[in-house]
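Heads up: the structure comes next, in structure tokens.
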Amino acid sequence: TLIGKTALVTGSTSGIGLGIAKSLARQGANIILNGFGDAEGPKAEVAALGVKVAYHGADMSKASDIEAMMKFSADTFGGVDILVNNAGIQHVASVEDFPVERWDAIIAINLSSAFHTSRLALPYMQKQNWGRIINVASIHGLVGSAQKSAYVAAKHGIVGLTKVTALENATTGVTCNAICPGWVLTPLVQKQVDAKAAALNISNDEAIKLLLGEKEPSMQFTTPEELGELAVFFCSKAGNNVRGVAWNMDGGWVAQ
Ligand code: NAD
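Just so we're aligned, residue 5 is where the sequence shown starts under the UniProt record's numbering, counting upward by one.
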């Protein structure tokens, strides 16, 4: 049980982040949500699970916003016991056409934000001698795909950050691990399905079959709920000595 613990999940107004936040809340953790768009709906979904919930709208591309969010977390719940670095964006283009501003934004949001939250969360975790940092990387932290240079670079980077953070805290009760999902049908992926359907003039279902068929042998999406249960495992007693792993839930993508 995670009763009495506080979990901060970045990018949790949607998709995988919200799924992980709800899984941790089901174990009794109080939750700090973050992300853009409507926050009232996600807040109500988490509160319905019987835990305390707060929200901070920090833009994860800005170190100063992240500092304010970490201070808010400490002021609201005393500190962050479980940090889930999940906020992320995608942009699809070849290297020579990649907009420089998109490259910078993806590196900032998908990689550097996890450095900032981690550096600010670790002192409290080390003092408690208990903490969990869970980085939502991707299968693209382990292998590449054409057209996704910034995303793949950031995700490989966050897998590296995961290993170093795990090693630096290896003799303590603070662990750091990464989760590497294959395809998950969230707004981030629906955009790619829509682009495929439009480009090939095919239906949504046909575009989904093509998308899965290219990479994911199971022909199934992983769900935010399944990823949430993996996060719960990392937070459990059985996860005490799981350190620096990048665990895929990918329908066999990387087994090929
Ligand atoms: P999503 O678009 O549904 O959710 C992204 C969340 O991040 C939203 O809450 C959004 O508001 C927030 N966000 C975006 N930019 C932000 C910023 N600058 N500051 C604060 N919050 C910001 O996407 P998702 O698919 O749930 O993705 C979540 C994570 O999972 C990402 O890191 C993504 O790379 C990773 N991932 C997704 C898939 C997939 O197939 N969907 C696969 C592997 C990894």
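For every residue, glycine included, the Cβ atom is placed at its ideal position computed from N, Cα and C.
Every value quoted in this text rests on a predicted model; they were computed, and no experiment measured them.
Own chain partners of residue i with C-beta closer than 8 angstroms, once the 5 adjacent residues on each side are dropped
i, result
"Ile20", "Asn90, Val140, Pro185, Val188, Thr190, Pro228, Leu231"
"Gln132", "Gly83, Asp85, Gly177"
CA nearest to the CA of residue i, picked from the options
i, options, result
"Tyr59", "Ser68, Glu71, Pro46", "Pro46"
"Ala67", "Asn252, Pro103, Asn114, Glu105", "Asn114"
"Asn38", "Val55, Ala157, Ala62, Lys26", "Ala62"
"His95", "Asn205, Trp107, Ile137", "Trp107"
"Tyr155", "Ala125, Gly92, Gly135, Ala182", "Gly92"
"Cys239", "Glu172, Val55, Ala182", "Ala182"
"Lys219", "Cys180, Gln260, Phe237, Leu87", "Gln260"
Residue i burial status per 10 Å Cβ neighbour count (16 or more: buried)
i, result
"Ile7", "exposed"
"Met223", "exposed"
"Asn244", "exposed"
"Ser207", "exposed"
"Ala25", "buried"
"Gly41", "exposed"
"Asn34", "buried"
Spatial neighbours of residue i in its chain, beta-carbon cut-off 6 angstroms, leaving aside the 5 residues before and after
i, result
"Gly83", "Tyr128"
"Ile36", "Leu12, Ala58, Ser77"
"Ala211", "Val197, Lys200, Ala201"
Per-residue DSSP class, three states only, for residue i
i, result
"Gly41", "coil"
"Gly21", "helix"
"Ile113", "helix"
"Trp134", "coil"
"Ile162", "helix"
"Val249", "coil"
Sequence-distant residues of its chain with Cβ nearer than 7 angstroms to residue i (five each side left out)
i, result
"Ala174", "Arg247"
"Val193", "Trp187"
"Val258", "Ile143, Leu146, Val147, Asn252"
Euclidean distance between Cα positions of residue i and residue j
i, j, result
"Glu71", "Ser122", "11 angstroms"
"Lys75", "Arg30", "25 angstroms"
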